[in-house]
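Here's the structure we're looking at; comments come further down.
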Amino acid sequence: MLLLALGSSLLHATEVPVRHRQLPADLAAAVAAYDRAQVSGDGQALARLLADDYVLMNSRLQVEDKAEFIRDCTAPDWKLQPFVVEQEVVRHWRHGAVLGGVATLQGMSDGAPFKVRLRFADIWRERDGRWQVVYSQASRVPPP
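Here UniProt numbering is used: the first residue of the sequence shown is 1, the next is one more, and so on.
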């Protein structure tokens, strides 16, 4: 079940990371909420933060839609630990953004521990005053 799209901030931080301060406040808040939702398995938050036409090209080279991603993140045997994004990429333009980087992820999947290092990108779109992820891609990379 190792899926993984990733937000791009230090999870569970109480303030907006310095690297996100150049983003509009509503986008920075959405990115932080997306990170928290993935770690906590909050399906309602993910449903708000993912566009209905969301697509994930996951680290197993499979394509997932919004419903599949939410199902994976909320599975009872799935647990993702907080992570830090390295080599971060942050690009913002009117009504859109790309946030990405490299993260080492750890947790439990299908009852077994996992650890994987991924390079990822999330594409965000602002529509009707709300930021949502429309596309994510995650690729495995070797450990440092």
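Even glycine gets a Cβ: it sits at the ideal position worked out from N, Cα and C.
At least 8 Å separates the beta-carbon of residue 98 from that of residue 86. Taken in chain order, the whole alpha helix (DSSP H) runs of length 4 or more contained in the UniProt domain "DUF4440" (27-133) are 43-49, 66-73. Residue 34 sits close to residue 133, with the two beta carbons spaced by under 8 Å.
For residue 48, the closest alpha carbon among the candidates 69, 137, 89 is that of 69. In this structure the segment 69-78 lies against the segment 105-119, because at least three pairs of beta carbons, one per stretch, are closer than 8 Å. The alpha-carbon separation between residue 123 and residue 135 amounts to approximately 5 Å.
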